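So the structure is just underneath, and the comments pick up after that.
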Amino acid sequence: MARLERWDDADAGQELGWRLVLERDLVFPAGFAALPRLVSLAPCSAHARAVAGRILERAAAYHGCDDLLADCAGTIAEFGEVLDRHLRSRPADYLVSFRALLAVAQEYHWVNVLEGFADDIYELECPHCGAGMKIAVGRFGCYSQVWDGDEELRRELRPAVAEELTGTGR
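Take 1143 as the starting number for the sequence shown in our numbering and just add one per residue.
Pasting the structure below:
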């Protein structure tokens, strides 16, 4: 933590993440204990924001530390304010910080939906006709793709109409 505090060191941030977050779904109790210090570093440290965000993204999973998490309510609210200010600057770590803000708001479904969203190909079914399709987002382009026999049908993605969306999706 001291290395991260002095130099905002990427290696220190990565090591701290390994020590506080186990695998992809679990957080150590020490993660909740580290939140106040990470949040105090968050305004000036992308690595502190990322580690604190990863801790909160896993808060919905069983960790046996509900009392520690409850004690962090003020810190979590402060982190939300830090993230909100940070995101208004359109930073390079926008997606990581946005996912952390969703975790602060306990929107765990959306946190998971957006994991890896910036660059991937998704296979799913058309909600209207049930046809198998692929959706590409990122370096591959932004399009949907279906096959009609041997013919590939590809369409550019269009943004949804915001007024038609509800809740967090909006």
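All residues carry an ideal CB built from backbone N, CA and C; glycine is no exception.
Predicted, not measured: the structure shown is a model, and the values here were computed from it.
| query | result |
| --- | --- |
| Nearest CA to the CA of F1174: which residue from S1187, V1193, P1185, A1154? | V1193 |
| Are the Cβ atoms of Q1287 and E1294 separated by less than 8 angstroms? | yes |
| Could you tell me which whole beta strand (DSSP E) segments of length 3 or greater appear in the segment 1220–1282? | 1262–1267, 1274–1279 |
| State the Cα-Cα distance for the pair L1119 and R1145, rounded to the nearest angstrom. | The structure shown does not extend to residue 1119, since the chain is modelled only from 1143 to 1312, so the question has no answer here. |
| By a C-beta neighbour count over all protein chains shown, 10 Å radius and 16 as the cutoff for buried, is C1214 buried or exposed? | buried |
| DSSP state of S1187, grouped into three classes? | coil |
| DSSP three-state call for D1209: helix, strand or coil? | helix |
| What separation, rounded to the nearest whole angstrom, lies between the Cα atoms of A1184 and V1224? | 7 angstroms |
| If you count every other CB in all the chains shown that lies within 10 Å of the CB of H1189, and 16 or more means buried, which is it? | buried |
| If I measure Cβ to Cβ from A1172 and keep anything under 8 angstroms in the same chain, skipping five residues before and after, which residues do I get? | R1161, L1162 |
| Helix, strand or coil for L1180, going by three-state DSSP, please let me know. | helix |
| Tell me W1289's beta-bridge partners as DSSP assigns them. | E1294 |
| For E1199, count neighbouring C-beta atoms within 10 Å of its own C-beta (all shown protein chains included) and say buried if the count is 16 or more, exposed if not. | buried |
| Going by DSSP, what residue range makes up the alpha helix (DSSP H) through L1307? | Element bounds for L1307: n/a, residue is neither H nor E. |
| Should I1218 be flagged as near chain C, meaning a C-beta pair shorter than 8 angstroms? | In the structure shown, chain C cannot be found, because there is only a single protein chain. |
| How big is the Cα-Cα spacing for W1252 and S1182? | 25 angstroms |
| So, using beta-carbon positions, are L1158 and M1143 closer together than 8 angstroms? | yes |
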